[in-house]
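*Asks:* Here the sequence shown stands for residues -19 to -1, 1 to 363, numbered as in mature numbering (1 follows the signal peptide of the UniProt record, and there is no 0).
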Amino acid sequence: MGFSKKFAVTLSAASFLLAGCGDSLWPSLEASDPSGGSSSSAPATVQPVNNTAPVAETEVQPVATNPVPQARTLPDENTGTFVGNKVSNMDGDLAKLQQGVNAIGSRVEQIQREAQVGSDQYHSLLGLITARLQRGTTPGNPILVDQWNQAQVQLEQVAETIPRMTKLSNEAAEQAAFGQYLLSAVQATYGLSGAVDADHERLQSLEDRVHQELVQVDRLMTDLSQDINRQNVYVNNERQNMTTLSLAIKNGELYGASLATRAFTQTENLARAASRSEQPHPGDRPLVIIRFDRPNVNYQQALYNAVSLALSRKPTATFDLVAISPQRGTSAQIALNSAAAKRNAEDVLRTLTDMGVPGSRVQLLATGDPNATNNEVRLYVR
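#1: Given this structure, state the Cα-to-Cα distance separating Tyr285 from Met336, to the nearest angstrom.
#2: Quick one: grab the DSSP three-state call for Asp301.
#3: With burial defined as no fewer than 16 other Cβ atoms inside 10 Å of the residue's Cβ, what is the status of Tyr361: buried or exposed?
#4: I think Leu164 touches Leu195, with their Cβ atoms under 8 Å apart; what is that distance to the nearest whole Å?
#5: Would Pro307 and Asn325 be called neighbours here (beta carbons separated by less than 9 Å)?
#6: Kindly indicate which three-state DSSP category Leu235 falls into: helix, strand or coil?
#7: Quick check on Glu137: buried or exposed, where buried means 16 or more other Cβ atoms within 10 Å of its Cβ?
#8: Where does Tyr103 land, buried or exposed, given buried means 16+ other C-beta within 10 angstroms?
#9: Under the rule that 16 or more other beta-carbon atoms within 10 Å means buried, what is Ile124, buried or exposed?
#10: Can you find at least 3 beta carbon pairs, one from the stretch 112 to 122 and one from the stretch 73 to 89, that sit closer than 8 Å?
#11: Is Tyr285 helix, strand or coil when you go by DSSP?
#12: Return yes when the Cβ of Ala153 is within less than 9 Å of the Cβ of Val98, no when it is not.
#13: Could you tell me the distance, in whole angstroms, from the CA atom of Ile230 to the CA atom of Asn222?
#14: Would you mind reading off the limits of the alpha helix (DSSP H) that contains Thr170?
#15: Taking the alpha carbon of Leu149 as the point to measure from, which residue in Ser174, Ala169 and Asn83 has its own alpha carbon closest?
#16: Which of the three DSSP states, helix, strand or coil, is assigned to Asp199?
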């Protein structure tokens, strides 16, 4: 009986302890179980997922907005303002300028191909005549006479390309003048009121493209001037050679190149060597000073008179054409002045070659002068 009472008390105490332990152990089991169904554990597992979703979206969002600034700078996007409409009109003028320059470039390439074909055929016939004369032949050989006539026709076809290229050079000069006018109009538009930021962005893009087109026009004019001068020298020399070759066919003997051509070549080589051996010194007095302090400087007549007088006194004279730019302002302003001075010097060089001065007798140089207030071009005679 006493044992049963003790056993009952023991069981009651044990059950009480187990009940207390069960209440304290349940929370740890639910917290460690990831699939628990307790309502208090559900927000703890869902909340981090909701917090990380916006982070992923904010990381992708800048990638989606990258193309927006590029789309605003498209040249064909009109803002509808007065300045925006003006920019659209000037953009159309630039398109016309580009079409005109490209058309001139295509025609120049076509003329150059025609001149190349005619020159190849001319020299082919010339080689046949020279080879026959080298072996020896009868005086006045009719085969050589016929080949000489064909060569003369081919040479004249090459000569006919010169006035066509001169016409294209004049058209390129007109396009360059229109491009300068367009550039001035673009730069003046910055001062107009009533523009939004997008209008000035389009203006900057338009100004850059006009500058690029002007560089292309200047290069085209320089190439045309050099081609015209080279073709003139080539045709004149070959005409003299053809005269000498005609006499060789008449006598059946090979004489070689024309003595006049040989003397002309030697004079050119001496003049070129003299011009390269000397450089203008600071104390030298220039023959002509052209100050580009305003647009459209009329210097051609004065330049022609000075050069004509110098050549009359010294027929073998050579010239140094120096582009002078001011060395004032920021580095960007100095670079812009230097580029503008070089363009002015190239324009003067084209004028000299158009006047008949061989390009090989003119040396083009560029330097800076801290005392200069405007871009200048100075011509020295040697």
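Every residue, glycine too, gets a C-beta built ideally from N, C-alpha and C.
*Replies:* Well, looking at it:
#1: 7 Å
#2: strand
#3: buried
#4: 7 Å
#5: no
#6: coil
#7: exposed
#8: buried
#9: exposed
#10: no
#11: helix
#12: no
#13: 12 Å
#14: Pro123 to Thr170
#15: Asn83
#16: helix
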